[in-house]
Amino acid sequence: MTEEKKIISDVPMVTDPQPSAEAPEVSESPESPKSPESPESLGSQGVSPDADTPPLHKHKKTFSPLSLLDRFAGLFTRAGIDYPVMRRILAIKFLMDGRKAPSVAGSQSGAAGKSGNQFLKSLWVYGLMGIILIPLIIMGRNFMFQVSAAMGIVLFMVMTSLISDFSSVLLDLRDRSIVLTRPVEGRTLTAAKTIHVLGYLLMITGALTGPSVIAGFIRHGAAFGFLYVWMIFWMDLLVIVLTAMLYLVVLRFFDGEKLRDIINYIQIALSIAMAVGYQFVGRMFQFVDLEVTFQTAWWQFLLPPVWIGAIFEVLLNGSRDPVLMVMAALAAGVPVLAVVLYAQGMRTFERSLEKLEQRGSKGSARLGIGHRLSGLVCRTHEEALFFRFALNMIKTERDFKLRVYPSLGFSLIFPFIFILNSMQGSTWAEVTAGKSYLFIYFTAMMMPTILLMMKYSTSHKGAWIYAATPVGDMAAVYRGTLKAMMLRLLVPVFLLLSAVFLVIYGTRIALDLVVAFFGTMLFLMVCFRVLSKRLPFSEPFIAGRNAESGKMFPLTFGVGALGGLHYGATLVPYGTLGLLAVSLLLNVYMWGPGFRRHLASRIERVDLTRYLAESQSGKSSLGHEESEDKSSADGHRKPPFKLGRSDRLKWRG
Amino acid sequence: MLTQATPQTVLTLKNLKMNFGAKEVLKGVDLEAGRGEIIGYIGPNGAGKSTTVKIMLGLIEGYSGTVEILGEDIRNAGVGYKRHIGYVPETADLYDNLTAREYLTFIGELYGMTFEDADQKAQGLIELFGLKDVYNSRMTSFSKGMRQKVLLIASILHDPEILFLDEPLSGLDANSVMIVKELLEALARAGKTIFYSSHIMDVVEKISHRIVLLDGGHIVANGTFEDLKTLNHEGSLEAIFNQLTGFDTQSKTANQIMQIIQGVTRDD
Numbered sequence: 001m002t003e004e005k006k007i008i009s010d011v012p013m014v015t016d017p018q019p020s021a022e023a024p025e026v027s028e029s030p031e032s033p034k035s036p037e038s039p040e041s042l043g044s045q046g047v048s049p050d051a052d053t054p055p056l057h058k059h060k061k062t063f064s065p066l067s068l069l070d071r072f073a074g075l076f077t078r079a080g081i082d083y084p085v086m087r088r089i090l091a092i093k094f095l096m097d098g099r100k101a102p103s104v105a106g107s108q109s110g111a112a113g114k115s116g117n118q119f120l121k122s123l124w125v126y127g128l129m130g131i132i133l134i135p136l137i138i139m140g141r142n143f144m145f146q147v148s149a150a151m152g153i154v155l156f157m158v159m160t161s162l163i164s165d166f167s168s169v170l171l172d173l174r175d176r177s178i179v180l181t182r183p184v185e186g187r188t189l190t191a192a193k194t195i196h197v198l199g200y201l202l203m204i205t206g207a208l209t210g211p212s213v214i215a216g217f218i219r220h221g222a223a224f225g226f227l228y229v230w231m232i233f234w235m236d237l238l239v240i241v242l243t244a245m246l247y248l249v250v251l252r253f254f255d256g257e258k259l260r261d262i263i264n265y266i267q268i269a270l271s272i273a274m275a276v277g278y279q280f281v282g283r284m285f286q287f288v289d290l291e292v293t294f295q296t297a298w299w300q301f302l303l304p305p306v307w308i309g310a311i312f313e314v315l316l317n318g319s320r321d322p323v324l325m326v327m328a329a330l331a332a333g334v335p336v337l338a339v340v341l342y343a344q345g346m347r348t349f350e351r352s353l354e355k356l357e358q359r360g361s362k363g364s365a366r367l368g369i370g371h372r373l374s375g376l377v378c379r380t381h382e383e384a385l386f387f388r389f390a391l392n393m394i395k396t397e398r399d400f401k402l403r404v405y406p407s408l409g410f411s412l413i414f415p416f417i418f419i420l421n422s423m424q425g426s427t428w429a430e431v432t433a434g435k436s437y438l439f440i441y442f443t444a445m446m447m448p449t450i451l452l453m454m455k456y457s458t459s460h461k462g463a464w465i466y467a468a469t470p471v472g473d474m475a476a477v478y479r480g481t482l483k484a485m486m487l488r489l490l491v492p493v494f495l496l497l498s499a500v501f502l503v504i505y506g507t508r509i510a511l512d513l514v515v516a517f518f519g520t521m522l523f524l525m526v527c528f529r530v531l532s533k534r535l536p537f538s539e540p541f542i543a544g545r546n547a548e549s550g551k552m553f554p555l556t557f558g559v560g561a562l563g564g565l566h567y568g569a570t571l572v573p574y575g576t577l578g579l580l581a582v583s584l585l586l587n588v589y590m591w592g593p594g595f596r597r598h599l600a601s602r603i604e605r606v607d608l609t610r611y612l613a614e615s616q617s618g619k620s621s622l623g624h625e626e627s628e629d630k631s632s633a634d635g636h637r638k639p640p641f642k643l644g645r646s647d648r649l650k651w652r653g
Numbered sequence: 001m002l003t004q005a006t007p008q009t010v011l012t013l014k015n016l017k018m019n020f021g022a023k024e025v026l027k028g029v030d031l032e033a034g035r036g037e038i039i040g041y042i043g044p045n046g047a048g049k050s051t052t053v054k055i056m057l058g059l060i061e062g063y064s065g066t067v068e069i070l071g072e073d074i075r076n077a078g079v080g081y082k083r084h085i086g087y088v089p090e091t092a093d094l095y096d097n098l099t100a101r102e103y104l105t106f107i108g109e110l111y112g113m114t115f116e117d118a119d120q121k122a123q124g125l126i127e128l129f130g131l132k133d134v135y136n137s138r139m140t141s142f143s144k145g146m147r148q149k150v151l152l153i154a155s156i157l158h159d160p161e162i163l164f165l166d167e168p169l170s171g172l173d174a175n176s177v178m179i180v181k182e183l184l185e186a187l188a189r190a191g192k193t194i195f196y197s198s199h200i201m202d203v204v205e206k207i208s209h210r211i212v213l214l215d216g217g218h219i220v221a222n223g224t225f226e227d228l229k230t231l232n233h234e235g236s237l238e239a240i241f242n243q244l245t246g247f248d249t250q251s252k253t254a255n256q257i258m259q260i261i262q263g264v265t266r267d268d
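If you read the protein sequences in the order shown, they are chains A and B.
Each residue of the first sequence is one higher than the last, beginning at 1 in my numbering.
Each residue of the second sequence is one higher than the last, beginning at 1 in my numbering.
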């Protein structure tokens, strides 16, 4: 043990060991520093030790979480884990996190409009959300209800955050070929990954439950506070184990692609659930005064938050209800049992990750409906080409879906939320006779997001095709892409909403729906004109917020204006028909000659090679500190770093 | 066949079989390797080369047959045997947001070296590979060749007995290729065993002491280049490879390709 301690040194775990001044980043021509080498001078013996090694021990104190972990070294060793190696892997992982593009809150930032682009900043968001737990905790001593509800919220938040932001850590494949090919046991690696994730989860839950913990200490005393903290800790462990098991099950039956899809959809569902959840928080306080009586039911045994409610009820309120006693025992026992089982099964977990590397099925040879439609909706051959290209690109792009599908979800849900809101105090008959169907304009809200996102791609490096192939007509590129976006993203949502609205409001609104559709198309053109034009799928996804999100807010007023105009038109005889005529004319102009004219004025035949070099190189390859604040000529802020699936963490020690 | 009994065997595969679901990837591979041997391990895509290497590295379990490395059956051996193995993966995986120094010392320590020892060796090697100026730079900015050099250094840093190299020359410039070739010779002279996987037949032909050709999960040839030449009456390893893997339609295929690109289209 002591010998191993010596081997695994504590050295390079400072956040940034070398000041950038003495360690210049590689310049544009990375191959340049090449000294003439002679074969004779090679060999591991002839090493000349360089004296000017920067002192590495000086920052050591800045990294404390790991020394905290050292107290439990014995525990890990007993579980068959090589603790010094695990510690070294963790140190390297945290070091790397400190350099990555962080977006733990980023996945929600687009939706909720919060600019948390650092992990620590995102903790504030969790802390703020944690405030809504305070009333739940302090409102009484009905722990069965209060604690269960609070824990339910915490569990949901933590589990979804784990799946959406930290899956990449658990499923990292590089670890296999880099670490497992070295003399490291699989369980040591899995343990390192687990602790890595646990570190973040504890910080998130710390922020999320912090306010309510303090409130709990004050309101219910120390016993409550300590029990609360203790249970939260074990909940975190349980969440990790459950997630790992979920992955194991999915991997058992499906391949890695399927698992990635499932994670993707969970992420999307999370973003939607969060935004919709905000709408209901206000209402929650309306029934806070209600005295909720607890009635046991069998399914409550399946809900860990209820177990925790029970343990509070039993320990602090002295309940001797046998059902609650059993649940309390579950709360105390299951997480421990789960962790023990997980420790046993850690080898299996690493092994099953092998399946992630296997390629999926062959795919089908069908060209799909988009291929046939491209001829119908596009005028030129080139336009049809880019229409199909865009359709194919967004079909499989998970990062694109992650950023865009939530707004599709809002478009589907918000009209109903607003209709429900407006329903208060009026009858169903009044609603169906009213004009709340105009909330269908909410679908237009997705347009700015789509336009903002269509320039990004994880395979942005493929964009050299714009430069290498004789693409002459930029208007065709953009128009084809825009049409594909409309067809793939707007049309399905719009059709679905229209169908539901036709059932609710009757066929009298058919004309209005048509007007709304063309209004939305027009709005797309307006957004396109306002936002800067970059080649589709040519830039890496960026972390945090886009500089242009500033333009999003005024654009949403455009949606309101459109809806208002439509409302006004319905008050005038033949107003809707007139609006349709105007909108059709404008559409024809803006999608037709106006489109080309606008593009010609905005893009004076871009030097594609230069453009691509600019949009691809500087950002992703060099250290992000330098490029962070550069802006290109059109005020478009260069995305400073690329955001891959695994680039979601930020660690400040 | 041409299996040679080598004086000091460091690696033995006996009837190695592996299935992925219903797909049989290895159908009974028997192989021995001795000290100081450079084995060119070749075969068409999907022949099972990287599966074999992954099994030997302990990345894949669930195989049947035995794998002995340095006299130990790796199934029961724990991970200690990996201390004596160096590996250059084909996928060129590395933690590229680390600096070369951070990465190499990390790998060295995983192999059980001290930080100081790993740092000193890594610094010396990086200098010899012409990367001295970027030792403290993050590898995100490295070119493919520079990354490959780092991977090579990571594989030899701990002075291993056995090296598994998968396309180790990929991305290297001509001068660096020469260094690596010389280095492989030197390593072999020092008694190291090298498993050299590549699709570039000319290089395999020149540097390998023995060539093992895997096709469809079987070893279809195993011997020196001279052995293979006399047995197969072909002049180059490339030709032998074609012959043994039953591929002789290259000129026909090339002609068909020409036909297609010049517009003699198939009817859709």
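Yeah, the Cβ is synthetic: ideal placement off N, Cα and C, and Gly gets one too.
Any Cβ of chain A within less than 9 Å of the Cβ of arginine 210 of chain B?
no
Can you say whether leucine 13 of chain B is buried or exposed, counting buried as having 16 or more other CB atoms within 10 angstroms of its CB?
buried
Hey, out of B:Gly40, B:Thr9, B:Leu16, whose CA is closest to proline 168 of chain B's CA?
B:Gly40
When DSSP labels each residue in this structure, what does serine 141 of chain B get in the three-state scheme?
Three-state result, serine 141 of chain B: helix.
Just grab the DSSP bridge partners of phenylalanine 537 of chain A for me.
According to DSSP, which records beta bridges pairwise, phenylalanine 537 of chain A is partnered with nothing at all.
Can you list the alpha helix (DSSP H) stretches of 4 or more residues lying completely in the stretch 412-447 of chain A, in chain order?
Complete alpha helix (DSSP H) runs here, min 4: 428-433.
Are alanine 444 of chain A and glycine 575 of chain A close, meaning C-beta to C-beta below 9 Å?
no
Taking the beta strand (DSSP E) that tyrosine 41 of chain B falls in, what are its first and last residues?
Unbroken beta strand (DSSP E) run through tyrosine 41 of chain B: 38-42.
Taking Cβ positions, are threonine 99 of chain B and tyrosine 135 of chain B nearer each other than 9 Å?
yes
Can you tell me whether valine 85 of chain A is buried or exposed, with buried defined as 16 or more other CB within 10 angstroms of its CB?
buried
Do you know how far the Cα of valine 530 of chain A is from the Cα of proline 406 of chain A?
Cα to Cα, the separation comes out at about 23 Å.
Any beta-carbon of chain A closer than 9 Å to the one on leucine 237 of chain B?
no
Suppose contacts are defined by Cβ-Cβ distances below 9 Å. Is leucine 26 of chain B in contact with threonine 52 of chain B by that definition?
yes
Suppose you measure from the CA of arginine 174 of chain A to the CA of asparagine 45 of chain B; what does that come to, to the nearest Å?
The straight-line gap from Cα to Cα measures roughly 22 Å.
Give me the subset of the stretch 50-78 of chain B whose CB atoms are less than 9 Å from a CB atom of chain A, sorted by chain position.
Lys54, Leu57, Gly58, Leu59, Ile60, Glu61, Gly62, Gly78
Any beta carbon of chain A sitting closer than 9 Å to that of phenylalanine 106 of chain B?
yes
Residues in its own chain within less than 8 Å of serine 38 of chain A by CB, not counting five upstream and five downstream?
In this prediction, serine 38 of chain A has a pLDDT of 38, which is less than 50 and means its spatial position is unreliable; nothing more can be read from the coordinates.
Go ahead and pull the three-state DSSP assignment for isoleucine 132 of chain A.
coil
Step through the CB atoms of chain B and report whether any lies within less than 9 Å of the CB of threonine 181 of chain A.
A Cβ of chain B is located within less than 9 Å of the beta carbon of threonine 181 of chain A.
Do isoleucine 207 of chain B and valine 10 of chain B come within 9 Å of each other at the CB atom, strictly closer than that value?
no
At the level of alpha carbons, what is the spacing between glutamine 243 of chain B and lysine 49 of chain B?
19 Å
Given a threshold of 16 other Cβ atoms within 10 Å of its Cβ, counted over all protein chains shown, does lysine 144 of chain B qualify as buried or as exposed?
Note on lysine 144 of chain B: under 16 other CB atoms within 10 angstroms of its CB, so exposed under the neighbour-count rule.
Thinking just about the alpha-carbon of each residue, which of A:Arg534, A:Pro540, A:Pro536, A:Phe528 is nearest to the one in methionine 552 of chain A?
A:Phe528
According to a CB-to-CB cut-off of less than 7 Å, which residues of the stretch 526-544 of chain A neighbour chain B?
none
Look up threonine 66 of chain B in the DSSP assignment and say whether it is helix, strand or coil.
strand
Taking just the CA atoms, how far does serine 176 of chain B sit from arginine 83 of chain B?
Roughly 26 Å between the two C-alpha positions.
Please state if the CB of proline 304 of chain A and the CB of leucine 237 of chain A are separated by a distance shorter than 9 Å.
no
Using the DSSP secondary-structure output, state which residues sit across from isoleucine 550 of chain A in a beta bridge.
Residue identity check: residue 550 of chain A is glycine in the sequence provided, not isoleucine. In DSSP, glycine 550 of chain A forms no bridge with anything.
Between the stretch 167-200 of chain A and chain B, which residues of the former have CB atoms less than 7 Å from a CB of the latter, in chain order?
Listed by position along the chain: Arg174, Arg176, Ser177, Ile178, Val179, Leu180, Thr181, Arg182, Pro183, Val184, Glu185.
Can you tell me where the alpha helix (DSSP H) with alanine 77 of chain B in it begins and where it stops?
Counting along the chain, alanine 77 of chain B falls outside any alpha helix (DSSP H), and DSSP gives it neither H nor E.
Using the C-alpha atoms, what's the distance from alanine 561 of chain A back to leucine 579 of chain A?
Roughly 13 Å separates the two Cα atoms.
Would lysine 461 of chain A and proline 536 of chain A be called neighbours here (beta carbons separated by less than 9 Å)?
no
Pull up the distance between the alpha-carbon of serine 141 of chain B and that of leucine 94 of chain B, whole angstroms please.
13 Å
Kindly indicate the opening and closing residues of the beta strand (DSSP E) around isoleucine 85 of chain B.
Residues 85-88.
Counting contacts by CB-CB distance shorter than 9 Å, is glutamate 354 of chain A in contact with chain B?
Cβ-Cβ to chain B under 9 Å: yes for glutamate 354 of chain A.
Interface residues of chain B around valine 250 of chain A at Cβ under 8 Å?
By Cβ distance, chain B contributes nothing, its closest Cβ being about 16 Å from valine 250 of chain A, past 8 Å.
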